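Asks:
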Amino acid sequence: MSIELKNVSKRFGEVAAVSNVSFSVKEGELLALLGPSGGGKTTVLRLIAGLEVPTEGDIFVRGQRVNDIKVQKRNIGFVFQNYALFQNMTVFKNVAFGLKIKKWKSADLKNRVSELLELLGLAELEKRFPHQLSGGQRQRVAIARALAPKPSVLLLDEPFGAVDAKSARTFANGWSVFTPT
Amino acid sequence: MQATGSEQEQAALTLGASGWQTFWRVTLPSVKWGLIYGVILCNARAMGEFGAVSVISGHITGQTDTMPLRVEKLYNEYNSAAAFAVASLLALLALLTLGIKNFSGMEAGPRLRIGRAGTAG
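As you go down the protein sequences, you meet chains A and B in turn. Residues 1 to 181 in my numbering are what the first sequence lists, from first letter to last. Residues 1001 to 1121 in my numbering are what the second sequence lists, from first letter to last.
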């Protein structure tokens, strides 16, 4: 059992963003949360990531209770709804950020970043800044950045929210590339 | 900074960066030019200060003088050459400040706009 939520609730003051949610995701499984706008989908992802602390309930990742584990230590990849790319860094540096923080050797870092950029069709764009990219390209950079440090959990918040239907389909079809086999 | 939001910082956290690392590598670089712009404007304001310094500090020569005060003093001592020299220096600094202000404003401007577009889109 890779991710498990048990009776998780999150309240912001009087507002209950998430109330009594329980579900589990198996290792290697791909799970999508569907629901109306404002339904708490983002909050659930943020809870799993550690960006929010649950008011009630427990979250387990690989059998370990992670409620009190800091976001930095959870080894998750998070793709934000608006991608949240680092505006002052090139595509290459964006993707390399997590590896730099984890103090990868520069040769390994270069290999890993190049491999991901190649895989996502961004190799030509590595010297560009986020504001010089299209929406779909930005999304792919965000995914590459989240994948670079080899996270054990990948969370995507509205991954197709800001790209056109065609890009979304191309992307959804290619998704199997990233799922562990 | 509020317009840019805190998503970039949160992204840095999910990638394992500590609070300090996030500040130095993400927050500070993105507000760098805006910060310089502010410092320059403040500096310009301080350099040209006359009234407050004159009334409050007692304008002691060589200790609590600003350049405009010095110009006034030299002028009152009929030392026109020195007064004009200091005034010219002040004008030169003003031009320099204007140059830096415009440059940092140009650098800060587009970045701030991108930040907003990024969070809106």
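C-beta: ideal position from N, C-alpha, C; glycine also. Please read all numbers here as calculations on a predicted model, not as lab measurements.
Under a CB-based cut-off of 8 Å, is B:A1082 close to chain A?
Replies: Along the second sequence, one-based indexing puts residue 1082 of chain B at 82. Cβ-Cβ to chain A under 8 Å: no for B:A1082.
Asks: Would you identify the three-state DSSP class for B:A1003, choosing helix, strand or coil?
Replies: As a working mapping, residue 1003 of chain B is identified with position 3 in the second sequence. Note: B:A1003 maps to coil in three-state DSSP.
Asks: Could you tell me whether the Cβ atoms of A:T42 and A:K10 are closer together than 8 Å?
Replies: Numbered from its first residue, the first sequence carries residue 42 of chain A at position 42. Numbered from its first residue, the first sequence carries residue 10 of chain A at position 10. It is not a contact, given that the beta carbons lie outside the stated cut-off.
Asks: Please state whether DSSP places A:R62 in a helix, a strand or coil.
Replies: Locating residue 62 of chain A in the first sequence gives position 62, counting from the first residue. Correct three-state label for A:R62: coil.
Asks: Can you list the residues of chain B that A:P149 reaches, using a CB-CB cut of under 9 Å?
Replies: The residue labelled residue 149 of chain A in the question sits at position 149 within the first sequence. Going along chain B in sequence order, the residues near A:P149 (Cβ under 9 Å) are L1015 and G1016.
Asks: Any idea what DSSP makes of A:K213, helix, strand or coil?
Replies: Absent from the structure is residue 213 of chain A, since the part of chain A shown begins at 1 and ends at 181.
Asks: I need the DSSP call for A:E122, collapsed to helix, strand or coil.
Replies: Taking the first sequence and counting its residues from 1, the one referred to as residue 122 of chain A is at position 122. Residue 122 of chain A is actually Leu in this sequence, not Glu. Here A:L122 sits in coil by DSSP.
Asks: If you draw a straight line from the alpha carbon of A:L125 to that of B:R1025, how long is it in whole angstroms?
Replies: For this step, residue 125 of chain A is matched to residue 125 along the first sequence. For this step, residue 1025 of chain B is matched to residue 25 along the second sequence. Approximately 22 Å between the Cα atoms of the pair.
Asks: Does the beta carbon of B:E1107 come closer than 8 Å to any beta carbon on chain A?
Replies: Here residue 1107 of chain B refers to the residue found at position 107 when the second sequence is read from its first residue. No, because no Cβ of chain A sits closer than 8 Å to the Cβ of B:E1107.
Asks: Express the C-alpha separation of A:E115 and A:R46 in angstroms, rounding to a whole number.
Replies: What you label residue 46 of chain A is simply residue 46 of the first sequence in a count that begins at 1. What you label residue 115 of chain A is simply residue 115 of the first sequence in a count that begins at 1. Their Cα atoms are separated by approximately 28 Å.
Asks: Anything in the stretch 38 to 62 of chain A with a Cβ closer than 9 Å to a Cβ of chain B? List those residues in chain order, please.
Replies: So the close ones are R46, A49, G50 and L51.
Asks: Who pairs with A:F78 in a beta bridge, going by DSSP?
Replies: The residue you call residue 78 of chain A lines up with position 78 of the first sequence. BP columns for A:F78 point to A:L155.
Asks: Would you call the stretch 52 to 61 of chain A in contact with the stretch 108 to 122 of chain A, where contact means no fewer than 3 C-beta pairs closer than 8 Å?
Replies: Too few Cβ pairs lie closer than 8 Å, so no.
Asks: Considering just the uninterrupted stretch of the alpha helix (DSSP H) at B:S1030, what are its terminal residues?
Replies: In the second sequence, the residue the question calls residue 1030 of chain B occupies position 30. Counting along the chain, the alpha helix (DSSP H) containing B:S1030 begins and ends at L1028 to M1047.
Asks: Anything in the stretch 78 to 97 of chain A with a Cβ closer than 7 Å to a Cβ of chain B? List those residues in chain order, please.
Replies: The residues in question are F78, F80, N82, A84, F86, Q87, N88 and F97.
Asks: Going along chain A in order, which residues have a C-beta closer than 8 Å to the C-beta of B:V1126?
Replies: Nothing about residue 1126 of chain B can be reported from this structure: the residues present for chain B run from 1001 to 1121 only.
Asks: Does the Cβ of B:Y1037 have 16 or more other Cβ atoms within 10 Å, making it buried, or fewer, making it exposed?
Replies: To locate residue 1037 of chain B, count along the second sequence from 1; it is residue 37. Under this definition B:Y1037 is a buried residue.
Asks: How many angstroms separate the CA atom of A:D139 from the CA atom of A:L85?
Replies: Along the first sequence, read from residue 1 onward, the residue named residue 139 of chain A stands at position 139. Along the first sequence, read from residue 1 onward, the residue named residue 85 of chain A stands at position 85. According to the sequence displayed, residue 139 of chain A carries Gln and not Asp. Looking at the two C-alpha atoms, the distance is approximately 9 Å.
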